[in-house]
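Colleague: Numbering (UniProt numbering), first residue to last: 1 to 362.
1. Could you tell me whether the segment 37-51 touches the segment 202-213, using the rule of 3 or more Cβ pairs below 8 angstroms?
2. Please identify the residue among 201, 80, 26, 150 whose C-alpha is closest to the C-alpha of residue 45.
3. Going by Cα to Cα distance, which pick from 61, 240, 151, 42 is closest to residue 184?
4. Hey, could you find the ends of the beta strand (DSSP E) residue 36 is sitting in?
5. Do residue 71 and residue 161 come within 8 angstroms of each other at the CB atom, strictly closer than that value?
6. Can you tell me which residues form a DSSP beta bridge with residue 79?
7. I'd like the span of the alpha helix (DSSP H) that includes residue 229, first residue to last.
8. How many Å lie between residue 306 and residue 29 at the Cα?
9. CB residue 205 to CB residue 218, shorter than 8 angstroms?
10. Where residue 123 and residue 242 are concerned, what is the direct C-alpha to C-alpha distance, given to the nearest angstrom?
11. Out of 59, 316, 73, point me to the one whose CA is closest to residue 194's CA.
12. Any idea if residue 2 is buried or exposed, counting beta-carbon neighbours within 10 angstroms, 16 or more meaning buried?
13. If you draw a straight line from the C-alpha of residue 274 to the C-alpha of residue 21, how long is it?
14. Going by beta carbon distance, what residues of the same chain come within less than 6 angstroms of residue 197, once the five residues before and after it are set aside?
15. Could you check how far apart the C-beta atoms of residue 283 and residue 98 are, in whole angstroms? I think they sit under 8 angstroms.
16. Only counting the same chain, and skipping five residues up and downstream in sequence, which positions put a Cβ closer than 8 angstroms to that of residue 19?
17. So within the segment 93-129, which uninterrupted alpha helix (DSSP H) runs reach at least 4 residues, ignoring any that extend past its ends?
18. Looking at the secondary structure, which residues open and close the alpha helix (DSSP H) in which residue 69 lies?
19. Going straight from the alpha carbon of residue 277 to that of residue 167, what length do you get?
20. Rounded to whole angstroms, how far is the Cβ of residue 265 from the Cβ of residue 147, which I believe are closer than 8 angstroms?
21. Is the segment 81-92 touching the segment 249-260, taking contact as three or more C-beta pairs under 8 angstroms?
22. Run the CB neighbour count on residue 25, radius 10 Å, all protein chains shown included, and call it buried at 16 or more, exposed below.
23. On a Cα-Cα basis, can you pick out the residue from 175, 115, 186, 83 that is closest to residue 94?
24. Using CA coordinates, which residue listed in 254, 231, 269, 199 is at the minimum distance from residue 110?
25. By DSSP's criteria, residue 48 is part of a beta bridge. Which residues make up the other side?
26. Report the rounded CA-to-CA distance for residue 180 versus residue 54, giving the unit in angstroms.
27. With H, G and I counted as helix, E and B as strand and the rest as coil, what does DSSP make of residue 209?
28. In its own chain, which residues sit with a C-beta less than 7 angstroms from the C-beta of residue 61, not counting the 5 before and 5 after it?
29. Could you check the C-alpha separation between residue 136 and residue 256 for me, to the nearest Å?
30. Identify which residue in 171, 40, 337 has its Cα closest to the Cα of residue 186.
31. Residues in the same chain with beta-carbon distance under 7 angstroms from residue 253, minus the five sequence neighbours each way, listed in chain order, please.
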């Protein structure tokens, strides 16, 4: 099969272009050899380096990041598994860091989708065949990614960028991703039923899945290097946004001053970036994202906690809870209301020894 069947090679030219040529060729050579399974809004996904990725987009973007992206100590990288609050956190990070640069009445978030202000790392490199645009951004660079932490090269992890990771209840992730797929799926493809989406998700076959492996990659990193990886929980962000935004600012080295807190700056950032505010802005109602070539409204559905209760059967809930319990032993079960079968925990009175450690206090 011809290489051009998968990705278009960049034009030949200088040494940098030749380097990209090499990556494109390697991508085209590898893709036909990879395991495949059903896609959610694409015909299929491929398993590469332990995760399920789109062959024409995510795999190439990942390879280009691994081969060519040079991170900086001042970089701020928002990392999420898809449908875990990416758009919301993009807005919060941008508004928090730039709070002294813009007036809230004329803020860039009022006229720009958060994606335009916090570029999608692997998407920009893939679309532009180059890192030159990202290299031209002023410091600190705000970037977003879906790449699991374990797939970043060591050179990037050790260069000092700060990662902000947000995870979400997998039951809500499943429903949100399924609803997103309904909008994204081409008309010529048959609808994806919730049952089929559920089976794919449980088997780890979803964009950048398995979901649980994605979460664990950043959880473990947050334990090993808490100064460079902040692990946030979507449900905590929704329940106590002021507390979590202050925690975010502290981690990014831009803590709120007592004066800012008295003047209500934290509250104003939370209000500006709220689902209610962002989803009603004209820019987020009709414009198509240049990163994903998707209408901006598709990124705003409900922004709620617990919508899974309106869609999943008790059998689905039980199976997802069991997978979460087994995969994420010792973490997040209380946050996500995972129903744990205590009879399976007792094991003749012996405590499990494979429980993950809890993060050290800040």
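Glycine included, every Cβ here is placed at the ideal spot set by N, Cα and C. These numbers were taken from a predicted model, which means no experiment stands behind them.
Modeller: Looking at the coordinates:
1. yes
2. 201
3. 42
4. 36-38
5. yes
6. 145, 165
7. No alpha helix (DSSP H) holds residue 229; the beta strand (DSSP E) holding it covers 229-233.
8. 43 angstroms
9. no
10. 31 angstroms
11. 316
12. Only weak support exists for where residue 2 lies, its pLDDT of 37 falling under 50; the coordinates are left without a value.
13. 42 angstroms
14. 178
15. Residue 283 to residue 98, Cβ: 17 angstroms. No contact.
16. 67, 68
17. 114-117, 121-128
18. Note, residue 69: premise wrong, no alpha helix (DSSP H); not H, not E.
19. 22 angstroms
20. With a Cβ gap of about 32 angstroms, residue 265 and residue 147 do not count as contacting.
21. no
22. exposed
23. 115
24. 269
25. 51
26. 16 angstroms
27. strand
28. 122, 123, 125, 126
29. 29 angstroms
30. 40
31. none
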